[in-house]
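Peer 1:
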Amino acid sequence: SPTPTEPAPDYVDDFSNPGSGWPTGDTGTYHYGYLNGEYQILLKEGGWLAWVSPGMTVSDGRLDVYIRSADSAYGAAGILFGLSADASSYYVYLIGNGGFYSLQRIDDGVWTELIPWEWADAIHQDAATNHLSIVQQDGTIILHANDETLNTVDIGHSVAGLVGLSAQSYDDPFDARFDNVSAYLPDA
152 SPTPTEPAPD YVDDFSNPGS GWPTGDTGTY HYGYLNGEYQ ILLKEGGWLA WVSPGMTVSD
212 GRLDVYIRSA DSAYGAAGIL FGLSADASSY YVYLIGNGGF YSLQRIDDGV WTELIPWEWA
272 DAIHQDAATN HLSIVQQDGT IILHANDETL NTVDIGHSVA GLVGLSAQSY DDPFDARFDN
332 VSAYLPDA
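Its first residue numbered 152, the sequence shown is counted upward by one per residue in my numbering.
1) Is the segment 325-336 close to the segment 204-217, with three or more CB pairs under 8 Å?
2) For aspartate 165, I'd like the list of residues in its chain whose CB is within less than 6 Å of its CB, leaving aside the five on either flank, ordered along the chain.
3) Could you give the distance in angstroms between the alpha-carbon of serine 235 and the alpha-carbon of arginine 219?
4) Since serine 210 and alanine 311 should fall inside the 8 Å C-beta cutoff, what is the C-beta to C-beta distance between them, to a whole number of angstroms?
5) Can the beta-carbon of tyrosine 190 be found less than 9 Å from the beta-carbon of arginine 328?
6) Within a Cβ cutoff of 6 Å, which residues of the same chain sit near tyrosine 162, ignoring the five residues on either side of it in sequence?
7) State the start and end residues of the unbroken beta strand (DSSP E) segment that holds threonine 303.
8) Since aspartate 322 and glycine 184 should fall inside the 8 Å C-beta cutoff, what is the C-beta to C-beta distance between them, to a whole number of angstroms?
9) On the CB-based measure, 16 or more other CB atoms within 10 Å of its CB, does valine 314 come out buried or exposed?
10) Shortest alpha-carbon distance to serine 309 belongs to which of Pro174, Asp177, Val286 and Pro158?
11) For the beta strand (DSSP E) that contains phenylalanine 325, what are its first and last residues?
12) Counting only the same chain and skipping the five closest in sequence on each side, list residues whose C-beta sits under 6 Å from that of histidine 275.
13) So, are the CB atoms of leucine 231 and tryptophan 199 less than 9 Å apart?
14) Go through its chain and collect everything with a Cβ distance to proline 158's Cβ below 6 Å, but skip five positions before and after it.
15) How should serine 223 be labelled, buried or exposed, when 16 other C-beta atoms within 10 angstroms of its C-beta is the threshold for buried?
16) Hey, leucine 245 and glutamate 269: beta-carbon distance below 9 Å or not?
17) Could you give the first and the last residue of the continuous beta strand (DSSP E) run that contains tyrosine 169?
18) Measuring straight from C-alpha to C-alpha, what distance separates asparagine 248 and leucine 265?
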C-alpha cells in the first residue's frame with residue numbers, strides 16, 4: 152500500500168528572495184535581514200533578545216525552521232509565536248548552541264518559563280544546523296528538534312498571533328542564521 156505523504160506547507164520561505172516579506176534593518180544594537188540565502192539576526196552586544204516577523208498570523212498549526220549559529224559565541228535562537236498586535240506579549244521557543252532548549256512566555260516585560268532551560272541530546276551543538284518545529288493544537292504546544300519530540304505543554308487555550316524568528320545573546324555578540332521556514336495550517 153502507498154505510504155501517506157505529508158501535505159505541502161501553506162507557507163514556505165528559503166530566504167533566496169530578499170523581497171519575500173521579512174523585515175530588514177539595523178537598530179544599532181542588532182542587524183536583521185537576508186544574507187546569502189539565509190536570514191540573519193546579528194546581535195551586536197551581549198544581553199539582548201531580538202525578534203522579527205513577516206506579519207503572518209497563526210493559531211493552531213505547525214511551524215518549522217532550520218537554525219544555526221554563524222560564530223562560536225554562546226547564544227540561542229528559535230521560533231516566536233503568539234505575538235500580540237502591540238508586541239507586549241509573545242511566546243518564544245529557543246535552543247542554545249550548547250544543547251539546551253526552553254519555552255518562555257513574555258507578557259508586558261515579565262518572563263515566565265513554561266519549560267525552564269533543559270538539556271536535550273537531540274539538539275546539535277556549536278555551529279551545527281538544527282531543525283526546529285513547534286506544533287500548537289487546541290492549547291497544547293509540542294516542541295521538536297531534529298525530528299525528535301522534546302516536550303509537550305498544555306496551556307489550556309490556543310495562542311493566536313504573529314509568528315517569527317528570534318535570537319538571544321548572552322555575554323557576547325551572537326550571529327543567528329535561519330533557513331527554510333515553513334508553516335502547516337489546519338484546514339479552515
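Note that beta-carbon positions come from the ideal geometry of N, C-alpha and C, so glycine has one too. Just so we're clear, the structure is a prediction, and the values are computed from it rather than from any experiment.
Peer 2: Well, looking at it:
1) yes
2) Against the sequence shown, residue 165 aligns to sequence position 14. Asn331.
3) Counting from 1 along the sequence shown, the entry for residue 235 is found at position 84. Counting from 1 along the sequence shown, the entry for residue 219 is found at position 68. Cα-Cα distance, rounded: 27 Å.
4) One-based indexing of the sequence shown puts residue 210 at position 59. One-based indexing of the sequence shown puts residue 311 at position 160. About 4 Å separates the two Cβ atoms, so the contact holds.
5) Taking the sequence shown and counting its residues from 1, one reaches residue 190 at position 39. Taking the sequence shown and counting its residues from 1, one reaches residue 328 at position 177. For tyrosine 190 and arginine 328, yes; Cβs fall inside 9 Å.
6) By one-based count along the sequence shown, residue 162 stands at place 11. Closer than 6 Å at the Cβ level, and outside the excluded window around tyrosine 162, lie Ala334.
7) Position 152 of the sequence shown holds residue 303. Element bounds for threonine 303: 299-305.
8) Residue mapping note: residue 322 aligns to position 171 of the sequence shown, counting from 1. Residue mapping note: residue 184 aligns to position 33 of the sequence shown, counting from 1. Not really, about 24 Å apart at Cβ, beyond 8 Å.
9) As a position in the sequence shown, residue 314 is number 163, starting the count at 1. Label assigned to valine 314: buried.
10) Here residue 309 refers to the residue found at position 158 of the sequence shown. Among Pro174, Asp177, Val286 and Pro158, the Cα nearest to that of serine 309 is on Val286.
11) For the purposes of this step, residue 325 is taken as residue 174 along the sequence shown, with counting starting at 1. 325-335 is the extent of the beta strand (DSSP E) around phenylalanine 325.
12) Taking the sequence shown and counting its residues from 1, one reaches residue 275 at position 124. Only Asn281 meet the Cβ criterion.
13) Taking the first residue of the sequence shown as position 1, residue 231 is located at position 80. Taking the first residue of the sequence shown as position 1, residue 199 is located at position 48. It is not a contact, given that the beta carbons lie outside the stated cut-off.
14) Counting from one through the sequence shown, the residue named residue 158 turns up at place 7. For proline 158, where only same-chain residues beyond five positions count, there are no Cβ hits under 6 Å.
15) Here residue 223 refers to the residue found at position 72 of the sequence shown. Counting Cβ neighbours within 10 Å, serine 223 comes out exposed, since fewer than 16 surround it.
16) Translated into positions along the sequence shown, residue 245 becomes position 94. Translated into positions along the sequence shown, residue 269 becomes position 118. Their beta carbons are not under 9 Å apart, which means leucine 245 does not touch glutamate 269 by this criterion.
17) Against the sequence shown, residue 169 aligns to sequence position 18. Looking at the sequence shown, residue 169 is not tyrosine but proline. Per DSSP, proline 169 belongs to no beta strand (DSSP E) and is neither H nor E.
18) In the sequence shown, residue 248 corresponds to position 97, counting from 1. In the sequence shown, residue 265 corresponds to position 114, counting from 1. Whole-angstrom Cα-Cα distance: 20 Å.
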